[in-house]
Every structure is written in C-alpha cells, then in structure tokens.
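Peer 1:
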Amino acid sequence: MPHAATLKLLDAYYAAFNAGDTAAMLELVTDDIAHDVNQGERRQGKALFAAFNDHMTRCYKEELSDIVIFASEDGRRAAAEFIVSGTYLVTDEGLPPAAGQTYRLPAGTFFDIREGRIARITTYYNLQEWIAQVGA
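Going by the UniProt record's numbering, the sequence shown opens with residue 1, and the numbers climb by one from there.
#1: Flag this pair as yes or no: are the beta carbons of Arg117 and Val29 separated by less than 8 Å?
#2: Under a three-way DSSP split, which group does Thr91 fall into?
#3: Return yes when the C-beta of Arg76 is under 7 Å from any heavy atom of the ligand ZN, and no when it is not.
#4: Helix, strand or coil, according to DSSP, for Asp32 in the structure here?
#5: Check the DSSP bridge columns for Leu105 and list the partner residues they point to.
#6: Where do the N-terminal and C-terminal ends of the alpha helix (DSSP H) with Arg117 fall, by residue?
#7: Looking at the secondary structure, which residues open and close the beta strand (DSSP E) in which Asp66 lies?
#8: Assign Ile69 to buried or exposed, taking buried as 16 or more other Cβ atoms, counted over all protein chains shown, within 10 Å of its Cβ.
#9: Looking only at C-alpha atoms, which of Glu63, Gly135 and Pro2 sits nearest to Asn18?
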C-alpha cells in the first residue's frame, strides 16, 4: 500500500473516530486487528476491538485535534500524534469516579497496515496526567 493510501486510510479512521462512527472504524481494520492501549493486555480481533469501542463510547466523549500522521514510504507502518479533548461520562472500572470532568492531553498511536486495512493499533498517553486532570 503506497504512502499516500496509508495517509488517506488513517485520515478516514480519525474522521470516523471524531464522528463517533465506530461501525466505520471497524470497516477500516483487519479481522485479526491487534489493539494495544496504555494499560492492559492486547485485544486481538474485530469483536474485542468493537467491545472496546462500545465501552469507550459509554464512559468517554472524546475528540481528537491537531492530528499529524506519518507513514513509511512503503505505507506498511504509520504513526499519529494528536490532542485528546474529552469528558469523563461514566466511571470506568479501576479509575476515579466520573462526574463529567473534562480533560485534554497529548497522545500518540502506532499502526501496521496490511492489504489496505489497519492491522495493529497501539496507543500511548500519560495515564497519570489524565488521572490528575479528572481530580483523583
């Protein structure tokens, strides 16, 4: 997949994220998607990725801005950095109680691309900064 096609794919992924369109996000990933977040174990497969998205939609309202996407020349690997602005809607297990707190923090994601779809999503952010912002 050429570099430009990878950039277009990830633009579509982030547009779907910001629109809250998790069905569109699912269309852009492989059936065996590997999904890693800061805390916790790898989720493998579309079903677990969909369940994660459902959980996130219930607990958080987030929008990404200042998105900058980088891709390797062959288009097989990519990265993005952005600002997450959100509202903590419902208490997430093991985290501070939710009371509509807002937060804003930088984050980054690494991607593997295979056959025109996203095959791996690995996201990093500063969890301790998020906890400080929601007032724990």
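Yeah, the Cβ is synthetic: ideal placement off N, Cα and C, and Gly gets one too.
Peer 2: Quick answer:
#1: Locating residue 117 in the sequence shown gives position 117, where the first residue counts as 1. Locating residue 29 in the sequence shown gives position 29, where the first residue counts as 1. The answer is yes: Cβ separation under 8 Å.
#2: Position 91 of the sequence shown, counting from 1, holds the residue named residue 91. Note: Thr91 maps to coil in three-state DSSP.
#3: Looking at this structure, you won't find the ligand ZN or any other ligand, since it has none at all.
#4: Counted from its first residue, the sequence shown places residue 32 at position 32. Three-state DSSP puts Asp32 in a strand.
#5: Translated into the one-based positions of the sequence shown, residue 105 becomes position 105. Its beta-bridge partners are Val84.
#6: Here residue 117 is taken as the residue at index 117 of the sequence shown, counted from 1. Looking at the DSSP string, Arg117 is not in any alpha helix (DSSP H); the run it does join, the beta strand (DSSP E), is Arg117 to Tyr125.
#7: Looking up residue 66 in the sequence shown gives position 66. Looking at the DSSP string, the run of the beta strand (DSSP E) that includes Asp66 is Tyr60 to Ala71.
#8: Along the sequence shown, one-based indexing puts residue 69 at 69. It counts as buried.
#9: By one-based count along the sequence shown, residue 18 stands at place 18. For the residues Glu63, Gly135 and Pro2, the minimum Cα distance to Asn18 belongs to Glu63.
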